[in-house]
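Heads up, the thing below is written out as structure tokens.
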Amino acid sequence: MTNKGSRQDHRLSSSAIIVFLRKPELGKVKTRLAKTMGDREALAIYRTLIEKTLKSVLECHLSTYLFFFPRIDSQILDSYPSFIPHLQKGEDLGSKMFEAFEEILQKHAQAIIIGTDCPYLTSELLTEAQFELEEHDVVIGPAHDGGYYLLGLKENDRKLFTNVNWSTDTVFRETISIIEDQQKTYYSLPMLSDIDFEEDWIHYQDDLKRT
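In this text, residue positions in the sequence shown follow the numbering used here: the first is -1, and each later residue adds one.
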């Protein structure tokens, strides 16, 4: 008899994780953090966020694709040799995500896409997203700033990535509206915080001390 664990492993074998990240370079990452903390500290924090994210992803034991911008970082690949590198394609965030899903969903039955700004995103939440995607058309993880930290799809849909005001506090609401207009089913993960400003980082450090 097949036990529950092996059934879950079989289902997840057709799943993939897409990670969007920018090559860590001084003065070119976490610019809002850098305004108050300086370029070097912002870069150090960004490297920490990347490491936290990729360790959580690694614990999921799923096919993982790193979509870099503007160039691939060989140092990151050396640390995570099982992850497959790609370059982001497209004019804005929406078109870049659409193109990434378009490529990966040709190889996998379902995929989730994440960034590297949310250190609260654990391997448990990533696994939850993958399993809920089995039962829903879309899985989404809302962020406190009005965006989302995760999106999961089984079928790519350009409508989800067009006519959205990216980098604003309406991204999540607009995306949910598109999903509902198309009568798609969706599952919403817990709301989490991104690290965009110095106060976000301070709050995260305080949270770490309490755990």
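Built from N, CA and C at the ideal position, the CB exists for glycine as well.
Check	Outcome
Unbroken stretches of the alpha helix (DSSP H), 4 residues or longer, contained in the region 46 to 82	72 to 77
I48 vs L19 beta-carbon contact at 8 Å	yes
L131 versus K182: straight-line alpha-carbon distance, rounded	12 Å
Environment of L148 [buried if 16+ CB atoms lie within 10 Å]	buried
Proximity below 8 Å, CB of S186 to CB of P140	yes
D37 versus R45, K105, K26, residue with shortest Cα-Cα distance	K26
Coil, strand or helix - F18 by DSSP	strand
Given F222 as reference, the closest of K21, G144, A40, I16 once Cα atoms are compared	Given a span of -1 to 209 for the chain in the structure shown, any question on residue 222 remains unanswerable.
6 Å CB neighbourhood of I216 in its chain, flanking five on each side removed	Residue 216 lies beyond the range of the chain shown here (-1 to 209); nothing can be said about it.
Where the beta strand (DSSP E) containing Q227 begins and where it ends	Look at the range of the chain in this structure, -1 to 209, and you will see that residue 227 is not part of it.
S191 beta carbon less than 8 Å from that of Y118	yes
The region 73 to 90 touching the region 45 to 62, judged by at least three CB pairs closer than 8 Å	yes
Coarse secondary structure for V169, derived from DSSP in three states	helix
Contained beta strand (DSSP E) runs [length at least 3] in the region 126 to 162, N- to C-terminal order	136 to 140, 146 to 151
C-alpha distance - P188 paired with D76, whole-angstrom precision	32 Å
Cα-Cα separation, W164 to R208	33 Å
Inter-residue spacing [alpha-carbon to alpha-carbon] between I200 and V137	29 Å
DSSP state of G186 mapped onto helix, strand, coil	Gly is not the amino acid found at residue 186; the sequence shown has Ser there. Strand, per DSSP.
Proximal residues to T125 (C-beta, below 7 Å), its chain only, five neighbours per side dropped	C58
Exposure of S13, with buried meaning 16 or more beta-carbon neighbours within 10 Å	buried
DSSP-derived helix/strand/coil call for L85	strand
For K207, the first and last residue of its enclosing alpha helix (DSSP H)	196 to 208
Spatial neighbours of R45 in its chain, beta-carbon cut-off 6 Å, leaving aside the 5 residues before and after	P22
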